[in-house]
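As you go down the protein sequences, you meet chains G and A in turn. When we follow our numbering, the leftmost residue of the first sequence carries the number 2, and every step to the right adds one. When we follow our numbering, the leftmost residue of the second sequence carries the number 2, and every step to the right adds one. Beta carbons: idealized from backbone N, C-alpha and C, even for Gly.
Number of protein chains: 2
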Amino acid sequence: MTPPNLAMNAVSTVRDLRAQVAEWKAEGLRVALVPTMGALHEGHLALVQQVMDVADRVVVSIFVNPAQFAAGEDFDSYPRTLEDDAAKLASTGPHLIYAPTARDMYPDGFVTEVRLGGPAEGLESEARPHFFHGVALVVSKLFNQVRPDVAVFGEKDYQQLMVIRRLVIDLDLDVEILAGETAREADGLARSSRNAYLNAEDRRRAGALNVILKDFGADLRSGMPASEAEASAVARARDAFDGVDYVTVRHAETLAKLGDGPVSDPARVLAAVKVGTTRLIDNIAV
Amino acid sequence: MTPPNLAMNAVSTVRDLRAQVAEWKAEGLRVALVPTMGALHEGHLALVQQVMDVADRVVVSIFVNPAQFAAGEDFDSYPRTLEDDAAKLASTGPHLIYAPTARDMYPDGFVTEVRLGGPAEGLESEARPHFFHGVALVVSKLFNQVRPDVAVFGEKDYQQLMVIRRLVIDLDLDVEILAGETAREADGLARSSRNAYLNAEDRRRAGALNVILKDFGADLRSGMPASEAEASAVARARDAFDGVDYVTVRHAETLAKLGDGPVSDPARVLAAVKVGTTRLIDNIAV
Chain G
2 MTPPNLAMNA
12 VSTVRDLRAQ
22 VAEWKAEGLR
32 VALVPTMGAL
42 HEGHLALVQQ
52 VMDVADRVVV
62 SIFVNPAQFA
72 AGEDFDSYPR
82 TLEDDAAKLA
92 STGPHLIYAP
102 TARDMYPDGF
112 VTEVRLGGPA
122 EGLESEARPH
132 FFHGVALVVS
142 KLFNQVRPDV
152 AVFGEKDYQQ
162 LMVIRRLVID
172 LDLDVEILAG
182 ETAREADGLA
192 RSSRNAYLNA
202 EDRRRAGALN
212 VILKDFGADL
222 RSGMPASEAE
232 ASAVARARDA
242 FDGVDYVTVR
252 HAETLAKLGD
262 GPVSDPARVL
272 AAVKVGTTRL
282 IDNIAV
Chain A
2 MTPPNLAMNA
12 VSTVRDLRAQ
22 VAEWKAEGLR
32 VALVPTMGAL
42 HEGHLALVQQ
52 VMDVADRVVV
62 SIFVNPAQFA
72 AGEDFDSYPR
82 TLEDDAAKLA
92 STGPHLIYAP
102 TARDMYPDGF
112 VTEVRLGGPA
122 EGLESEARPH
132 FFHGVALVVS
142 KLFNQVRPDV
152 AVFGEKDYQQ
162 LMVIRRLVID
172 LDLDVEILAG
182 ETAREADGLA
192 RSSRNAYLNA
202 EDRRRAGALN
212 VILKDFGADL
222 RSGMPASEAE
232 ASAVARARDA
242 FDGVDYVTVR
252 HAETLAKLGD
262 GPVSDPARVL
272 AAVKVGTTRL
282 IDNIAV
């Protein structure tokens, strides 16, 4: 699965990757990593633009990581559009695509796991118990392969961002973590590669998710008890969508549950719902 | 628990450590790590000498890692001799002692685990199920803190060496792993900080362990079926010692069990026994 002849500089092996990064480091350049699963959209390109403010070169990794999908999830159908991705990135600067193969990432005899409790518990882990183990593993590997000075993770996957921040502290990974602002459509829907799964009617309905979260946040800021605000948001989500995994408020950093009363700690409202067969997530600051 | 005023350069924080290593790297020097739990003996000093052949500067980490001890093991009584250790190292060159505190290594909110299957299964893990999780975690952290070019692990802890080699492959840690030859006393007893626990009579008896392993290896090399050679070695160990955790032959790299017949793959004989209340381990190549 060598990448095809792409419009921009692309490598598929750690050896080639390290050679390019070492060259940049020798020139004193600051290197950023934007980890992606490909299917790049404007949200990803915005992350690349954002890290360009604090780095000189950007490695965009493109790897649909089997370790973070469970059986029955969309690993096989997840969009793979490497040539399109390369074309989109080519406009952003003299960067590097790193697109390793699954066989190189997880060779025969692979036996290592990286697991987190704390912020990795609950929320996404309820529906996807393997997910953060897979994320922590692949991010650990990517950080060790690239050794970036800085890496950016979108706030759209907020729990993932908190898990990565904790991973970086706990394993002493020498990487600055930037939070990438969520890119949104006109109706507030967070941009996501999975939005491509939505038909026109479901796409129209999906816009309600961000509205419900904004109202939930406003209720909390107005001093409404958390249990009451949450019950109202959950009820609205149940009406609007075909399934509700969670609509809840958590501590903004640890993602610990908060009390039932008015919220005083820094907090975040987060949701995961199903629209048709597509699972959407979103979150906003309180 | 800041280290006392030591006879050689010593740091206790990641910040000071990275500053010194960055200075060396900027001078183009090659940096080695010798991870230890302190209580340094000639075996450790031999490892420092050995890596000096392939590196310019050596960081000796001294950290009695709580994560690799279970309740009831000897974490509290493990010898801590930082000033003696520093004095011993001072003679070996312009190196650095890195002696972090447990609070800095495992701060509040720490939630990350690094776990391996494969070579980490069985043998030491039977008696010490937490052990390799703790080792993999602390070694991952030390590698990320120091970012050494090369690190050395004694062959005396052979299973640990194979676990580290696998960890380095699986997590793409950019560190060359050297195997340090086992330093031995005149009667063949492998040097170990835990030998200090032996009384004179137990010390005398302990020498039999290496003799039994050598004979076990010789039997295998002569073509004796593995099951027969192993049964003989186990019987002798049961006679000689106060407990036998294992005396066995394994694949030299994966530590997988071998068949009952004559050994053809590269193999290693390994043993763990109790002499009095002290647990001793040893191993040799077949």
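Residue-level contact to chain A via CB, residue i, 8 Å cutoff
i	result
Val-235(G)	no
Val-115(G)	yes
Leu-97(G)	no
Gly-123(G)	no
Gly-119(G)	yes
Contact under 8 Å by Cβ, residue i with residue j
i	j	result
Phe-288(G)	Met-106(G)	Nothing about residue 288(G) can be reported from this structure: the residues present for chain G run from 2 to 287 only.
Leu-1(G)	Leu-41(G)	This structure gives no information on residue 1(G), because the portion of chain G shown stretches from 2 to 287.
Val-153(A)	Val-35(A)	yes
Ile-213(G)	Val-248(G)	yes
Val-32(A)	Val-22(A)	yes
Val-287(G)	Val-245(G)	no
Gly-189(G)	Asn-211(G)	yes
Gln-160(G)	Leu-256(G)	yes
Ala-87(A)	Ala-11(A)	yes
Phe-111(G)	Asp-173(A)	no
Leu-179(G)	Val-139(G)	no
Arg-93(A)	Leu-46(A)	Looking at the sequence itself, residue 93(A) is Thr, so the reference to Arg does not match. It is a contact, given that the beta carbons lie within the stated cut-off.
Thr-183(G)	Lys-157(G)	yes
Leu-117(G)	Leu-168(G)	yes
Val-115(G)	Ser-141(G)	yes
Leu-30(G)	Asp-57(G)	yes
Gly-73(A)	Leu-199(A)	no
Pro-80(G)	Ala-197(G)	yes
Gly-44(G)	Gly-119(G)	no
Val-274(A)	Ala-238(A)	yes
is_contact[residue i, chain G] using C-beta, thresh 8 Å
i	result
Lys-258(A)	no
Glu-202(A)	no
Phe-154(A)	no
Arg-16(A)	no
Lys-26(A)	no
Gly-29(A)	no
Gly-1(A)	Absent from the model: residue 1(A). The displayed extent of chain A is 2 to 287, so no value can be given.
Phe-64(A)	no
Residues bridged to residue i (per DSSP)
i	result
Tyr-247(A)	Ala-273(A)
Arg-280(A)	Lys-275(A)
Lys-258(G)	Arg-251(G)
Leu-124(G)	BP columns for Leu-124(G) are empty, so no partner.
Thr-37(G)	Ile-63(G)
Ile-285(G)	Val-270(G)
Val-12(A)	Tyr-99(A)
Arg-58(G)	Val-32(G)
Arg-185(G)	Ala-191(G)
Val-1(G)	Because residue 1(G) is not part of the residues shown, which for chain G are 2 to 287, the question remains open.
Limits of the beta strand (DSSP E) - the one that residue i falls within
i	result
Tyr-99(G)	97-99
Glu-177(G)	177-181
Ala-91(G)	From DSSP, Ala-91(G) is part of no beta strand (DSSP E) but of the alpha helix (DSSP H) over 83-91.
Range of the contiguous alpha helix (DSSP H) that encloses residue i
i	result
Ala-219(A)	209-222
Gly-135(G)	132-147
Leu-48(A)	43-52
Ser-193(G)	Neither: Ser-193(G) is in no alpha helix (DSSP H) and is coded neither H nor E.
Glu-114(A)	Unbroken run through Glu-114(A) is the beta strand (DSSP E), 113-117; no alpha helix (DSSP H).
Gln-160(A)	159-171
Asp-240(A)	227-241
Name, going along the chain, the residues of the region 127-155 of chain G whose beta-carbon falls closer than 9 Å to a beta-carbon of chain A. Cβ contacts with chain A come from Ala-137, Leu-138, Ser-141, Lys-142, Leu-143, Phe-144, Asn-145, Gln-146, Arg-148.
Could you name the residues of the region 166-195 of chain A whose beta carbon sits closer than 9 Å to any beta carbon of chain G, in the order they occur along the chain? Here the close residues are Arg-167, Leu-168, Ile-170, Asp-171, Leu-172, Asp-173, Leu-174, Asp-175.
For the region 103-114 of chain G, which residues have a CB atom closer than 8 Å to at least one CB atom of chain A, in sequence order? Per Cβ criterion, the list reads Pro-108, Gly-110, Phe-111, Val-112, Thr-113, Glu-114.
Output, in sequence order along the chain, the residues in the region 200-232 of chain G whose CB is closer than 8 Å to any CB in chain A. Residues of the region 200-232 of chain G with a Cβ closer than 8 Å to any Cβ of chain A: none.
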